[in-house]
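Visitor: Before I ask anything, here is the structure I am working with.
Below is the structure:
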């Protein structure tokens, strides 16, 4: 017994000392100038085309409440076709009240998300109907996997925010499962998250539950927001009722909205990048105008999700050169309007393989060089967003950390220039034992979690596992290391009571 | 029989129509401003530190001929320690004669490599002792694999130049195998290549054989170079005799030299990036001074290969954030001296897996953002350069093509803005059938070779192959599609005669 106990204790000690290495928590900033793929004239030409789309073609809005708001603001509204045409003046007015930066504060204020300026945030994948890992295979989304995936998001510091549902828990009733996912987000993590804004009810529930978790009234919460949502426009040029209502509900309550047209070139938008960007710009700004009409000053983000399809099959593609260019160019547009920028990496790969890695890395560079403030779907995205992958999540954490480390400025001073060491080490010698090295070696370099730097023989001897196989071990280890953040019992009870009450209210009806 | 024949003919027709898609041949330019990670002051501080290294500590040069050259130029030479100390004046003088751009013309002038300015070139991996593919496993380098790998380099347009030996053909005598590899380079490809400059003989043979292939005298060839080499400094601060002789031989003959310190932070250079860059700068400039002393105006490149080691094991790492930063910052240094820039991506992965992809993509972005003119080791690099991988070569071609496509400027004009199409397609509709799409769809987007964009079910049905498995099929297909470039019989005979003569001359001795 004693021996058993001491062995377990030794195991624990070792587990502590061999925890998965990761970057410390904190606000990540991009200190370098954003990349520009478009000239100023080209930005203006795209802006002008988007204004002509709004003025001439208009946007269909399937919400009477939204139509009335636009009408009151002086827009031209065709009620038969539910089409709203707005002029540049209305756009400019909205841009005067939209903030260029804001914060989202979750229940742990240490996890406050800064949106705007030079700050970058990375979120979990959102929306997949399926889940995959290499041990259990592919399966429908479910609450247990949902919980494990948000635990992983909590565990890894580089994921500063959850997205909308990391997978759909399809075994739960569709009209109330958002309550279960919000509850999981709030109890298993202390990070900010995206609420589902498909209709008023789901948005309100997310707002109410975060307010409870923070101990705030809805009024106080409106002045100090803590949740956001993605409004995925039904491109081309349509806001459906649920999305419009969701957007308005969020804005009414002072919560943030990222208006994100899903402009797949060749399918939902022109086959040309300039045309797709013009359309994206028109649709994103239109949603931002609506938010500002609801509540001037409501926090908003310029959302971009422009990629292309495979023109032979119509299948969506991600992490392509076109997607990457769009990520950079969209940042130029967002900055033209002084709006925070939501960007998106991605991959169409059906496996957490080399394609998954190079496509994601490609689009991730676009998002970073374009100064994305919120890099959405950044961890766990597989199969073009149809599957949340445990292994891909680990690979993505590695890639995000590579970027975070790349963005740390290079220091140049006498100590870093190391002339003393350069004079000490003989020609053809080595720096391993030099005091300059010994003082710094343990923290000098980024320590990866997935990358294996063993030589071939040692790697083969240890099993010859590829990066995907190592990722399987890592997500399991991360779940073991995961610690549930403390929540005061009364808060938890209040959340449970809210969920129970709302579940009963919703019944078989609409949320 | 007839049927058999017609089926084969049908197969051939299909094979032709389903060739591996790839970008057309041509000069790739990077039209965007280079990224800057260092401020101007930081660049100057690194420059100044490197000058102090050259002035105070000096460089060991194990070649009496080189020592004499430096002495004649006014450098301080300590013969006992073979140490050369040079002052800034000598560096500045050399930089006045070193060209900022030049061309390397192989036997096919259509394949001329432009080195400098905004042009980017990508080469095959160079130097691995081993070869790997997923069907035949890992094995020692050999001539048959060498030949297949250079055939692949010939086949893929994005590889604009071979490197030095893509693998060592170890079954051949070490003192004459360079003749066999040059012969393979010259007959199986019509692209430029790197000669091995380990000593005078190997360099001279490469120069002579390219001159024969182009039908030029050595004098004419010196005025219109066609080969280059990498001078890998024995960092810290040592040029061995073979490298110094190789460098001087190349410069004498007007051929190009990329002086490339291999500065692995923590091992051959300080553990700090600023220190490693200062050392790299000193060593690279020192080699460039030597080339200019031999022949003012000799084409040279500023070579950078700064990465870090795993401080727990001392193992080299590549494609790390540090490597990526060094790739960007080294470009700033090269441009300070108006020198063409040789950069390097890489990966430590032992497999053509997700790690191989994300590490390579990471460092590749650094090379491109840093405006590398020659991106060395860009295709086939595995195991930190110890193995040439057939699958990795295919994945790398895909990644290089992604970058090439990313660098194509975005066009913005009325046709590209597609306002007519945007007005035609109804809200919530799609652009698939619109004339604007139909006119452009076949060429609108980059067509990948490895990436699979099928949905999960179709992919699974087709075998569920991951990117690495697909890469195996692709290199085999590429070898089938490969066409040997025509060479006039007299040229081939002259090359054969040169090889035979030199093999006899060398015998059991030194080349």
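Protein chains in written order, with this note's numbering: chain G, 545 to 1055; chain V, 545 to 1055.
Note that CB positions come from ideal geometry on N, CA and C, so glycine has one too.
Everything numeric in this text was worked out from a predicted model, so none of it was measured.
Would residue 820 of chain G and residue 864 of chain G be called neighbours here (beta carbons separated by less than 8 angstroms)?
Guide: On the first chain, position 276 is the one that residue 820 of chain G refers to. On the first chain, position 320 is the one that residue 864 of chain G refers to. No, the Cβ-Cβ distance between residue 820 of chain G and residue 864 of chain G is not below 8 angstroms.
Visitor: Would the region 881-890 of chain G and the region 871-884 of chain V be scored as touching if the rule is three or more Cβ pairs under 8 angstroms?
Guide: Not touching, per the Cβ criterion.
Visitor: To test your reading of the DSSP string, which unbroken beta strand (DSSP E) runs of 3 or more residues are found completely within the region 619-670 of chain V?
Guide: Whole beta strand (DSSP E) segments, 3+ residues: 620-622, 627-629, 645-648, 657-660, 663-668.
Visitor: Cα-Cα, which of V:661, V:1012, V:596, V:789 is closest to residue 573 of chain V?
Guide: In the second chain, counting from the first residue as 1, residue 573 of chain V sits at position 29. It is V:661 whose Cα lies nearest to the Cα of residue 573 of chain V.
Visitor: So residue 629 of chain G packs on residue 602 of chain G, CB below 8 angstroms; how close in whole Å?
Guide: Sequence index remark: in the first chain, residue 629 of chain G carries index 85 (1-based). Sequence index remark: in the first chain, residue 602 of chain G carries index 58 (1-based). Their Cβ separation, rounded to whole angstroms, is 4 angstroms, which keeps residue 629 of chain G and residue 602 of chain G in contact under 8 angstroms.
Visitor: To be precise: take each residue of the region 676-700 of chain V, compare its Cβ to all Cβ atoms of chain G, and keep it if any distance is under 8 angstroms. Which residues remain?
Guide: The residues in question are 682.
Visitor: Which runs of the alpha helix (DSSP H) spanning at least 4 residues fall entirely within the region 961-1037 of chain V, listed in chain order?
Guide: Within the region 961-1037 of chain V, the complete alpha helix (DSSP H) runs of at least 4 residues are 963-968, 979-982, 1000-1005, 1011-1025.
Visitor: Check the Cβ-Cβ distances between residue 562 of chain G and every residue of chain V, and say whether any is below 8 angstroms.
Guide: Here residue 562 of chain G corresponds to residue number 18 of the first chain, with the count starting at 1. With 8 angstroms as the cut-off, residue 562 of chain G does not count as an interface residue toward chain V.
Visitor: Would you kindly report the start and end of the unbroken alpha helix (DSSP H) that includes residue 615 of chain G?
Guide: In the first chain, counting from the first residue as 1, residue 615 of chain G sits at position 71. Where residue 615 of chain G is concerned, the enclosing alpha helix (DSSP H) stretches over 608-616.
Visitor: Look up residue 742 of chain G in the DSSP assignment and say whether it is helix, strand or coil.
Guide: Taking the first chain and counting its residues from 1, the one referred to as residue 742 of chain G is at position 198. The answer is coil: DSSP assigns residue 742 of chain G none of H, G, I, E or B.
Visitor: For residue 902 of chain V, go through chain G and note every residue whose CB falls closer than 9 angstroms to its CB, in chain order.
Guide: By 1-based counting over the second chain, the position of residue 902 of chain V is 358. Going along chain G in sequence order, the residues near residue 902 of chain V (Cβ under 9 angstroms) are 898, 901, 902, 904, 905, 939, 942, 943, 946, 994, 995, 1011.
Visitor: Using a Cβ-Cβ cut-off of 6 angstroms (strictly less than) and excluding sequence neighbours within five positions of residue 980 of chain V, which residues of its own chain qualify?
Guide: The residue given as residue 980 of chain V occupies position 436 in the second chain. Only 962, 965 meet the Cβ criterion.
Visitor: Secondary structure at residue 934 of chain G, three-state DSSP: helix, strand or coil?
Guide: Position 390 of the first chain, counted from the first residue, corresponds to residue 934 of chain G. Residue state, collapsed to three classes: helix.
Visitor: At which residues does the alpha helix (DSSP H) containing residue 727 of chain G begin and terminate?
Guide: What you label residue 727 of chain G is simply residue 183 of the first chain in a count that begins at 1. First-last of the alpha helix (DSSP H) with residue 727 of chain G: 721-732.
Visitor: Does the contact criterion of 3 or more C-beta pairs under 8 angstroms hold for the region 913-931 of chain V versus the region 1022-1034 of chain G?
Guide: No: the two stretches stay apart, fewer than three of their Cβ pairs being nearer than 8 angstroms.
Visitor: Going by C-alpha to C-alpha distance, which of G:904, G:891, G:957, G:822 sits closest to residue 598 of chain G?
Guide: In the first chain, counting from the first residue as 1, residue 598 of chain G sits at position 54. Comparing Cα-Cα distances from residue 598 of chain G to each of G:904, G:891, G:957, G:822, the minimum goes to G:822.
Visitor: Would you please verify whether the beta carbon of residue 998 of chain V is less than 8 angstroms from any beta carbon of chain C?
Guide: Protein chains G and V are contained in the structure displayed, whereas chain C is not.
Visitor: Are the C-beta atoms of residue 589 of chain G and some chain V residue less than 8 angstroms apart?
Guide: The sequence position of residue 589 of chain G within the first chain is 45, counting from 1. Judged by the 8 angstroms Cβ criterion, residue 589 of chain G is in contact with chain V.
Visitor: In three-state terms, what does DSSP make of residue 1040 of chain G?
Guide: For the purposes of this step, residue 1040 of chain G is taken as the residue at position 496 of the first chain. Looking at residue 1040 of chain G - three-state DSSP - the assignment turns out to be helix.
Visitor: Do you know whose CA, among G:827, G:1047, G:942, G:816, lies nearest residue 982 of chain V's CA?
Guide: Numbered from its first residue, the second chain carries residue 982 of chain V at position 438. The shortest Cα separation from residue 982 of chain V among G:827, G:1047, G:942, G:816 belongs to G:816.
Visitor: Apart from the five residues just before and just after residue 818 of chain G, which ones in its own chain have a Cβ nearer than 7 angstroms to its Cβ?
Guide: Reading the first chain from its first residue, position 274 is the one you call residue 818 of chain G. Same-chain partners within the cutoff: 590.
Visitor: Does DSSP put residue 775 of chain G in a helix, in a strand, or in coil?
Guide: As a position in the first chain, residue 775 of chain G is number 231, starting the count at 1. Note: residue 775 of chain G maps to strand in three-state DSSP.
Visitor: Answer yes or no: do residue 889 of chain V and residue 921 of chain V have a C-beta to C-beta separation smaller than 8 angstroms?
Guide: The residue you call residue 889 of chain V lines up with position 345 of the second chain. The residue you call residue 921 of chain V lines up with position 377 of the second chain. Closer than 8 angstroms, so yes.
Visitor: Does the CB of residue 894 of chain V have a neighbour CB from chain G at under 8 angstroms?
Guide: Here residue 894 of chain V is taken as the residue at index 350 of the second chain, counted from 1. So yes, residue 894 of chain V belongs to the interface.
Visitor: In three-state DSSP terms, what is residue 859 of chain G?
Guide: By one-based count along the first chain, residue 859 of chain G stands at place 315. Residue 859 of chain G: coil per DSSP, three-state reduction.
Visitor: Rounded to whole angstroms, what is the Cα-Cα separation between residue 813 of chain G and residue 780 of chain G?
Guide: Start at 1 with the first residue of the first chain, and residue 813 of chain G comes out as number 269. Start at 1 with the first residue of the first chain, and residue 780 of chain G comes out as number 236. If you take the alpha carbons of residue 813 of chain G and residue 780 of chain G, they lie about 6 angstroms apart.
Visitor: Can you list, in chain order, the residues of its chain with a C-beta nearer than 6 angstroms to that of residue 714 of chain V? Leave out the 5 residues immediately preceding and following it.
Guide: Position 170 of the second chain, counted from the start, is the residue given in the question as residue 714 of chain V. Result list for residue 714 of chain V: 684, 685, in chain order.
Visitor: Ends of the beta strand (DSSP E) at residue 603 of chain G?
Guide: For the purposes of this step, residue 603 of chain G is identified with residue 59 of the first chain, where counting begins at 1. Element bounds for residue 603 of chain G: 603-605.
Visitor: Using only the alpha-carbon positions, how far apart do residue 727 of chain V and residue 739 of chain V sit?
Guide: Looking up residue 727 of chain V in the second chain gives position 183. Looking up residue 739 of chain V in the second chain gives position 195. Cα to Cα, residue 727 of chain V sits roughly 11 angstroms from residue 739 of chain V.
Visitor: Kindly say whether residue 932 of chain V, judged by its beta-carbon, lies nearer than 8 angstroms to any beta-carbon of chain G.
Guide: Counting from 1 along the second chain, the entry for residue 932 of chain V is found at position 388. No, no contact with chain G.
Visitor: DSSP beta-bridge partners for residue 887 of chain G?
Guide: Sequence index remark: in the first chain, residue 887 of chain G carries index 343 (1-based). DSSP, once it has assigned bridges, lists G:919 as partnering residue 887 of chain G.
Visitor: Would residue 913 of chain V pass as a contact of residue 575 of chain V if the rule is Cβ separation under 8 angstroms?
Guide: Walking along the second chain from the start, residue 913 of chain V turns up at place 369. Walking along the second chain from the start, residue 575 of chain V turns up at place 31. No; because the gap between Cβ atoms is not below 8 angstroms, this pair is not in contact.
Visitor: What residues in its chain sit with their C-beta under 7 angstroms from that of residue 1033 of chain G, if we drop five residues either side in the sequence?
Guide: For the purposes of this step, residue 1033 of chain G is identified with residue 489 of the first chain, where counting begins at 1. Once the five neighbours on either side are set aside, residue 1033 of chain G has no close Cβ partner at all.
Visitor: Residue 845 of chain V lies in the beta strand (DSSP E); which residues open and close that run?
Guide: In the second chain, the residue the question calls residue 845 of chain V occupies position 301. Taken as a continuous stretch (DSSP letters only), the beta strand (DSSP E) holding residue 845 of chain V covers 844-847.
Visitor: Does the region 835-854 of chain G come close enough to the region 777-795 of chain G that 3 or more CB-CB pairs lie under 8 angstroms?
Guide: Yes: the two stretches touch, three or more of their Cβ pairs being nearer than 8 angstroms.
Visitor: Return yes when the Cβ of residue 729 of chain V is within less than 8 angstroms of the Cβ of residue 510 of chain V, no when it is not.
Guide: The structure shown does not extend to residue 510 of chain V, since chain V spans only 545 to 1055, so no value can be given for it.
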